[in-house]
Amino acid sequence: MNILITGANGQLGNEMRILSAEHPQHTYIFSDVIVPEDSPVTIHPLDITDGEAVSSFVREQNIDLIVNCAAYTNVDKAEDDEATALKINADAVSNLGRTGAKIIHVSTDYVFSGEACVPYREDDPVAPNTAYGRTKYAGEKALLAVCPDAIIIRTAWLYSEFGKNFVKTMIQLGKSKTELGVVYDQIGSPTYALDLAEVIFAAIEAPEWHAGIYHFTNEGVCSWYDFTIAIHQMYNTMAADSYDDAITCNVRPIRSEEYAYRTPRPHYSVLDKAKIKNTFGIAIEHWADALTTCMLNLCSDL
Ligand SMILES: NC(=O)c1ccc[n+]([C@@H]2O[C@H](COP(=O)([O-])OP(=O)(O)OC[C@H]3O[C@@H](n4cnc5c(N)ncnc54)[C@H](OP(=O)(O)O)[C@@H]3O)[C@@H](O)[C@H]2O)c1
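At position 40 of the sequence shown (counting the first as 1) the number is 161 in our numbering, and the numbers step up by one without a gap.
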């Protein structure tokens, strides 16, 4: 198959690129809105909000399947510019869905209110209360309206060795600060983008196409505070050559009210993964094991 990976320069896009080497039976075409000069592969410039450009690109490149890793992911900026977020997270997704190619699209736990206390199932009622969540939910609806055969995978707390994310920020803050407050009353499941890329390949390689909405994160739950402690401990074990290099920052558990969030964050982001495990016959790694793998990859670059 000819597989188009949009948003190839993002966290998930880069992990799809890494993993594509293990699936050489397909031809991969990578695209993004901005083409980085130092990319290890050819990335085609393609703004997915440009419907005509999308349809001619898919036709000319004979694309059979699209994995949409492109998105407007800045939760705070989306509050100020919901129109742009909607263009990228919904209108553009509809452009991709209209091409006639099969599509695997990625969505988010932000479609839910975050007020539950048991893991969200795929058919639980959505109630986004941020601009980002509203635009991502609009994207799901827009896609299913033009391409009912789509696969949509909702995920949460995504990180990788590429791009900006919580893991890299906590390493940097841990090294530069002596004290750090991190919230303990928001609970979720961190997701290593490489593991999400693996399940996307499981869906691509499945003997049958299983359209529908799925939930995927790594196994286990934690708070942002727990996650930070694990990141710092792993950093000190793997990367610090001496006590001088070690992260010695004192991390304090704080409540969400004590942190000046511009946008409300969900208190509960845990997703029920039974459907994706049963449908594709996959086992999912615990978040702490997945973090170990990512930290090993990150620390080898330090
Ligand atoms: N990050 C998380 O914690 C998280 C959580 C749950 C779900 N998700 C979902 O997971 C998916 C992957 O997220 P990610 O963290 O890998 O995202 P990311 O790192 O922000 O990557 C998104 C990529 O899409 C590109 N893009 C933006 N506008 C575009 C356009 N008009 N045309 C083409 N490409 C465009 C971005 O380019 P620029 O950087 O130049 O804008 C970026 O390279 C997204 O659907 C996201 O909503 C993410």
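Note that CB positions come from ideal geometry on N, CA and C, so glycine has one too.
These numbers were taken from a predicted model, which means no experiment stands behind them.
Residue i Cβ short of 8 Å to ligand 1 heavy atom set
i	result
A133	One detail in the question is off: residue 133 reads as Leu in this sequence, not Ala. At least one heavy atom of ligand 1 is nearer than 8 Å to the Cβ of L133, so yes.
W278	yes
A252	no
R275	yes
C268	no
N123	no
F283	yes
V247	no
D230	yes
C190	yes
I169	yes
N286	yes
N210	yes
D316	no
G221	no
K296	no
Y258	no
T413	no
S177	no
S152	yes
N339	no
G128	yes
V334	Checking the sequence shown, residue 334 turns out to be Ile, not Val. For ligand 1, not one heavy atom lies less than 8 Å from the Cβ of I334.
Residue i and residue j closer than 9 Å at C-beta
i	j	result
D335	I405	The question names Asp, but residue 335 in the sequence shown is Tyr. Taking 9 Å as the Cβ cut-off, Y335 and I405 do not qualify as a contacting pair.
G235	P374	no
Y258	P246	no
L315	I184	no
E282	C190	no
I352	G284	no
A211	T256	yes
I126	V214	no
I124	Y149	yes
V288	L412	yes
F410	W330	The amino acid at residue 410 is misidentified as Phe; the sequence shows Asp. Taking 9 Å as the Cβ cut-off, D410 and W330 do not qualify as a contacting pair.
T194	Y241	no
A206	T384	no
Own chain, CB closer than 6 Å to residue i, minus 5 neighbours either side, in chain order
i	result
I397	Y335, F337
N130	D153, P157
W345	V303, V304, Q307
E261	S228, I273
Close Cβ partners of residue i (< 8 Å) along its chain, the five nearest in sequence each way excluded
i	result
D347	Y305
T276	V227, S228, T229, D230, T312, L317, H336, F337, T338, L392
Beta-carbon proximity list for residue i, same chain, < 7 Å, skipping 5 on both sides
i	result
T349	M291, V303, V372
L419	E282
D202	none
| said: I want to know whether the segment 217-226 touches the segment 167-185 - three or more CB-CB distances under 8 Å. | reply: Three or more Cβ pairs drawn from the segment 217-226 and the segment 167-185 lie within less than 8 Å of each other, which places the two stretches in contact.
| request: List in chain order: all unbroken alpha helix (DSSP H) runs of 4+ residues lying wholly within the segment 337-365. | output: With a minimum length of 4 residues, the continuous alpha helix (DSSP H) runs that stay inside the segment 337-365 are 345-359.
| Uninterrupted beta strand (DSSP E) stretches inside the segment 266-290 (no shorter than 3 residues) | Entirely contained in the segment 266-290, the beta strand (DSSP E) runs reaching 3 residues are, in chain order, 272-276.
| task | Ignoring anything shorter than 3 residues or poking outside the segment 135-199, list the beta strand (DSSP E) runs there in chain order. | result | Counting only runs of 3 or more, we get 148-153, 164-166, 186-189.
| query | Which residue spans inside the segment 363-408 form an unbroken alpha helix (DSSP H) run of at least 4? | reply | Qualifying alpha helix (DSSP H) stretches, in chain order: 395-401.
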